[in-house]
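Down below is the structure, laid out as structure tokens.
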Amino acid sequence: MARPLLGWAIFAVAMLLLPQFVSNGTLRIIIFANFLAIFAMSWDFISGKTGYISFGHPFLIGIGAYTSAILSYRFGMPVSLSIPLAVLATMVGGTLFFLPALRIKGTYFALVTLAFMELMYQLVQVIRPDLTGGTRGISGIKTILSGAAPNFYLSFGLMFAIGLALWLLSRTRLGTALDAISMNEEAVSGSGLNTTRLKLFAFMVSALVAGLGGAFYVHYLGSIAPRALFDINFVFTIIVSVLIGGSATIIGPIMGAFFMTFLLEYLRPLLPGSERYLVYGMIALVLYVYQPKGIMQILKNLSLRTRGPQTGRSGNV
Amino acid sequence: MLQVLIQGFLLSGLYALIAVGFTLIFSVGRVLNLAYGAYLMLGGYAYFYSVQTLGMPKLPGFLFATGMGALAGVLMYRLLVKRLKGDQVAVEISTLILAVVIQAGVVLVFNDSSKILHPIVGGVWRIGSTTITNNILVAMVASWIILGGLLLFVKKTHVGRAMQAVSMDAKGARISGINTDRVNMMTWAISGALGSVAGVFFASYTQLNPSMWVAPLIIAVAVVIVGGIGSIVGTLIVAHIIGFMEIITTTFIAAELRGVFTMLLIIGVLVIRPQGLFGRGDL
């Protein structure tokens, strides 16, 4: 317990000192990475932990973002009220998301969530465009803070708090039970645990995180549009971050989000447009096929190899 | 009314053509190929490049597009799907990543502006007050011919029957001396070819752009989910349900809502009857 906690503390101190050393441009990239890490952790808590793969996570993020944007922009509500309400709305949406998980899993569940996202994309443009802004979305939404450094602290604080909370949660017996669902759901229910309640809990936590992330993100950007949000490319970015980092590890999705965001930025001078995704996707694909458990597992294997067989294993020749 | 009927049949024919290659992979290989939409894109762009950029005649251009699709299918199977050894979720995730990679590749080669494909067959037809382009009429007829041919191929030929056997029970097929690996590879090639043929028609019906793969993928998913796994006849029926509902929604309610019904159908069927309306038939 002590060593990982020390790791979290070092991570926090290093990140908090960062604005002293790097440019505002870099800070803005990190802000994006922070938000991506939040979305990735939210995805990971359903899909990485319980094995219910969601292809429609922007559905949840979008509810959070749109609710807060509409409440503050159309009804002049203060952000301190609109964000909690947005999180609540996202959790209601999470219940809707959860219903199919009662009956179906695997491929079929993934497809239902994809359908949820597409449905949301189409409905947002048609139903009450006076509220949602239709196809063009809303711009000029109140931002919480201005400037790169304050926003960096805000987004990092949020990401760090969520990460630490999820990490502590995953170390409890509850977290272990959730992990077990992805391995064998029947066995978990056979050992007398109520899998429905466990799954509902995972979905609620995931929705809470997605709602928080979505709401804060929209108040950082100041604008929202359906095509950018309910997009299969956005799903792709989230999933790839988790898988590259290492799913069900909390720290993995954070690492993955940072790795992929910076990779995308460093490719910008070489390939300015969306061609960047060619290299980005290839790297993701090769890494995924080579090691489906991600960077975390690669690091673990490396440290095993360098430190020799004495850690953990016994009786090696 | 007549117009709805005609347009419904035309669109449904196109949708059946789009969905059938996807069904084939799902029933034989038991995996969802989320890069299926990319075949359509590859087919459309290959045809565009050979006919409208290089100035080749239409038929060789069409064959070139078909060949590209088949090649893409074989490569996908060899390099990706076979390595993942039937891990369904891994195949879905990696084909999704692959689709985005192919999209970026298309942007790199053709840039990301939309392109108009000239109609494959020119001219229009008039029935009463409705006009139909010959292009979409040919697409529908082609769709029916291809579906009929596929059904004959699966039922009558040796290879087709081997595909059927693998779709029923891969292990049993292997014991009976069928080379399942080769059957799988052929299925992927056929699926790729069908996808790119559908892509040429789909692109001439709408237009070519690097994100055109999402819409047909969702149609294919809807048809397969609602129709049940791997039934060619089920595919045909559900393609008509979806096609007609889209035309009816567009004509009588609002054009923007055309996709909503499809989504509700996917969600509803998956939650209420996950095995699909027509159950798990064999091919």
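Protein chains in written order, with our numbering: chain W, 1 to 317; chain Z, 1001 to 1283. Glycine is no exception: its CB is placed at the ideal position from the N, C-alpha and C atoms.
- Contact of residue 1056 (chain Z) with chain W is not assigned, every C-beta pair being separated by 8 angstroms or more.
- The three-state reading of DSSP puts residue 1171 (chain Z) in helix, counting H, G and I together.
- Secondary structure of residue 1161 (chain Z) (DSSP, three-state): helix.
- The straight-line gap separating the alpha-carbon atoms of residue 1158 (chain Z) and residue 1164 (chain Z) is approximately 10 angstroms.
- Between residue 62 (chain W) and residue 211 (chain W), the beta carbon gap of about 10 angstroms keeps them out of contact (Cβ cut-off 8 angstroms).
- Distance from the CA atom of residue 1244 (chain Z) to the CA atom of residue 1147 (chain Z), rounded to whole angstroms, is 19 angstroms.
- When secondary structure is reduced to three states using DSSP, residue 1235 (chain Z) falls in the helix class.
- Within 7 angstroms of the CB of residue 106 (chain W), the CB atoms of chain Z belong to 1088, 1089, in sequence order along the chain.
- Annotation: the continuous beta strand (DSSP E) that includes residue 1125 (chain Z) extends over 1124–1127.
- Residue 1271 (chain Z) has a beta carbon lying within less than 8 angstroms of a beta carbon in chain W.
- Residue 1156 (chain Z) carries a helical assignment under DSSP once its states are collapsed to helix, strand and coil.
- The contact set of residue 1254 (chain Z) on chain W, defined by CB atoms closer than 9 angstroms, consists of 126 in chain order.
- Chain-ordered, the chain Z residues with CB closer than 7 angstroms to the CB of residue 273 (chain W) read 1107, 1112.
- Taking 8 angstroms as the cut-off, the Cβ atoms of residue 1276 (chain Z) and residue 1242 (chain Z) do not count as close.
- DSSP places residue 250 (chain W) in no alpha helix (DSSP H); its state is neither H nor E.
- At a cut-off of 8 angstroms between beta-carbon atoms, residue 1196 (chain Z) makes no contact with chain W.
- DSSP places residue 270 (chain W) outside both helix and strand once states are collapsed to three, so it counts as coil.
- In this chain, the alpha helix (DSSP H) harbouring residue 10 (chain W) covers 2–17.
- Residues of chain Z with a Cβ closer than 7 angstroms to the Cβ of residue 233 (chain W) are, in chain order, 1100.
- Around the beta carbon of residue 266 (chain W), a 10 Å sphere encloses fewer than 16 other beta carbons of the protein chains shown; the residue is thus reported as exposed.
- For residue 1032 (chain Z), the nearest beta carbon of chain W is closer than 8 angstroms to its own beta carbon.
- By the Cβ rule, the segment 1206–1221 of chain Z does not count as touching the segment 1172–1192 of chain Z, because fewer than three pairs are nearer than 8 angstroms.
- With respect to residue 1025 (chain Z), residue 1219 (chain Z) sits apart: the two C-beta atoms are not nearer than 8 angstroms.
- Between residue 1096 (chain Z) and residue 111 (chain W), the CB-CB gap reaches or exceeds 8 angstroms.
- For the segment 1062–1139 of chain Z, the continuous beta strand (DSSP E) assignments of 3+ residues that do not extend past its boundaries occur at 1124–1127, 1130–1133, in sequence order.
- As for any alpha helix (DSSP H) of minimum length 4 sitting wholly inside the segment 113–146 of chain W, the runs are 129–132, ordered along the chain.
- Taking a cut-off of 8 angstroms for Cβ pairs, the segment 217–228 of chain W and the segment 57–74 of chain W touch, as three or more such pairs fall below it.
- Using a C-beta cut-off of 8 angstroms, the segment 24–36 of chain W makes no contact with the segment 177–187 of chain W, since fewer than three inter-stretch Cβ pairs fall below that distance.
- In this structure residue 1023 (chain Z) is buried. Its beta-carbon is surrounded by 16 or more other beta-carbon atoms within 10 angstroms.
- With its beta carbon at least 8 angstroms from every one in chain W, residue 1073 (chain Z) lies outside the interface.
- The distance from the Cβ of residue 230 (chain W) to that of residue 58 (chain W) is about 5 angstroms, consistent with a contact at the 8 angstroms cut-off.
- Cβ-Cβ separation between residue 203 (chain W) and residue 134 (chain W): approximately 30 angstroms, too far for a contact (criterion under 8 angstroms).
- Here residue 260 (chain W) really is in contact with residue 280 (chain W); their C-beta atoms are around 7 angstroms apart, less than 8 angstroms.
- In this structure, residue 1077 (chain Z) sits near residue 1185 (chain Z), with a CB-CB distance shorter than 8 angstroms.
- In this structure, the alpha-carbon of residue 128 (chain W) lies about 11 angstroms from that of residue 70 (chain W).
- 1214, 1218: these are the residues of the segment 1200–1219 of chain Z whose beta carbon lies less than 7 angstroms from some beta carbon of chain W, given in chain order.
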